[in-house]
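Numbering follows this note's numbering, in which position 12 of the sequence shown is assigned residue number 79; successive positions increment by one, without gaps.
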Amino acid sequence: KTRRHLYPIFGLVFIQEHLYPIFALLLIQGVTPSSHCFPLVLRNPTRSNNPTMNPEALATPAPAQGICSAGPAQPKYSADFEEELRTLGWIYDHDDADRPLRKYNAADGTMGEKASLENLPQESDEYFTLKQVVHRYVMRVVTEHYGFETVRLPLDKDLPPDHDPRVRTSIWLSPNALQKKHLLILAPGKCENRSPTWNIRGCIYDGLRIGTMETYFEKARERDWGLVILNPNNNGVVLDSDPERIQDEQDGPAPPHLVKGIEEFGFAEAAAHRACLTTQTLELERCGNWISNYLKRPDIILQDLSEQERRSRVHLIPMSEDPVVHMRYVWDNLIEPSEAKTVSFLAFSFGGFSVLRLLEARFEQMAKKVPAIAMADSSHFIDCTGQPDANVQDFLSSRVKNWICSSSPINHDLQQQRLHVPCVSSSTPTHGLVAGVIVDSAVAFLDSMMLPVAAGVGKGEA
């Protein structure tokens, strides 16, 4: 009986002599129950083992997480974004490595099937709304979480005195990018590919890890590389014209060659006009692609133009009228004058075409500075009039690699070239996913080709 009375005393002695030192060690290591053992935000409450926990009771906030991070905390803009998605009936599944978009059941807070063309048709208003929401969110992550600087183009020095300040575009630079020793330039494709994503469609149907560029941000940060995200598809801005001048102008922003091209699809000028305003470009291919996406929606394609649409005009952005001009302007005014000793490119789809045109126009500069170019199912070989000169051919064959659509294992040598560029497998047959799935292989290739480029040759040429 006496021993039983002593048990609590023995317990206190044991805690004091044995457990307190352990707790102290954990505190020294920065491991506390609130920061290590429990999530700050129940990102998916239906999957939590402790649904009654109150996240606000935890006093120690964890660092803000990016799009693809699996960490516990959410910055406020992330929470706002997910609330907006829930309102629309969708939610991103953060317990899945790819971060797929799933149906959200507000009644019981559960997630359902992944987004697909069957439950979220690409021509639907719901899809269009989700595109806008996701694009705004990715933009905030790039600028607020990763601290990218927004640079407006044309630069102030190149603006004419009477230029409308609204007719400009933006690119994004990582912190102190132009002072880094090495720069990585991310060149997206066109159509659905809206910077700063590889593929906004991929963000919706395949997940944030595949559709966004964040995995490349992480790789660049690990290596202390500067990053430049190009914005080659934003070529025009839609503005209203003065109603009094409408009589002196054509009935829409679509030039005659574009109207004629759209008519070959079987549509009238109104469709060409609306396609121009929606894609903010006067380019036939992009307008035609937009119409193709909405062929199932005659209410969009065939309805009469509103007075607002009739007054609207597409104003092309100087120095960014098309992707090739955009890339050349950024190279001449930002990349070439930077402190970077070496510059690499990751070019997706039509981004490869723009890089090839830049290489042809600025070969001597790029031969000295660019050790390697990684291409993601590039279309650099399309619409190529004639063969590049011998120096460009040597560059393409020795410093460039193209991961193309293929179901073979990743990096499998496909024993083929596209306009002198060796091709390997990306491990996916889907064009829009290539840039997202090859990140490890592409960055490893860029690592392996790092110079001494001072002599003008990469490791592949040594």
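Don't be surprised by glycine CBs; every beta carbon is placed ideally from N, CA and C. Values in this document were obtained by computation on a predicted structure and should not be read as measured data.
- Contact between TRP470 and VAL510 fails: their C-beta atoms lie close to 12 Å from each other, not under 8 Å.
- In the assembly as shown, GLU150 is an exposed residue. Its beta-carbon has fewer than 16 other beta-carbons within 10 Å.
- In this structure HIS249 does not touch ALA441 by the C-beta definition: roughly 14 Å separates them, more than the 8 Å allowed.
- Of the residues assessed, PRO365 falls on the exposed side of the cut-off, its CB having fewer than 16 other CB atoms within 10 angstroms.
- Contact annotation: GLY278 and GLY503 have beta-carbon atoms nearer than 8 Å.
- Under the three-state reduction of DSSP output, ASN356 falls in the helix class.
- Within the stretch 188-224, the beta strand (DSSP E) runs of at least 3 residues that lie entirely inside it are, in chain order, 216-220.
- Beta-bridge analysis with DSSP links THR409 to HIS249.
- Taking 8 Å as the upper bound for CB-CB distance, PHE417 and GLY303 are not in contact here, some 17 Å apart.
- GLY333 has its alpha-carbon roughly 23 Å from the corresponding atom of ASP192.
- Residue pairing by DSSP places GLN484 opposite PRO489 in a beta bridge.
- In this structure, the alpha-carbon of ARG341 lies about 10 Å from that of GLN370.
- Residue burial annotation: GLU281 is buried, with at least 16 other C-beta atoms found within 10 angstroms of its C-beta.
- Each residue's CA atom was taken as its position, placing ALA443 and SER493 some 8 Å apart.
- Contact between the stretch 293-307 and the stretch 383-391 is present: 3 or more CB-CB pairs across the two stretches fall below 8 Å.
- For LYS286, the enclosing alpha helix (DSSP H) stretches over residues 281-290.
- Short of 7 Å from the beta carbon of GLN483, and not among the five residues preceding or following it, lie these beta carbons of its own chain, in chain order: CYS490.
- Distance check between ASN478 and each of LYS468, GLN460, ASP175 and GLU352 places LYS468 closest, using alpha-carbon atoms only.
- Taking the C-beta atoms as reference points, ARG166 is found nearer than 8 Å to ASP160.
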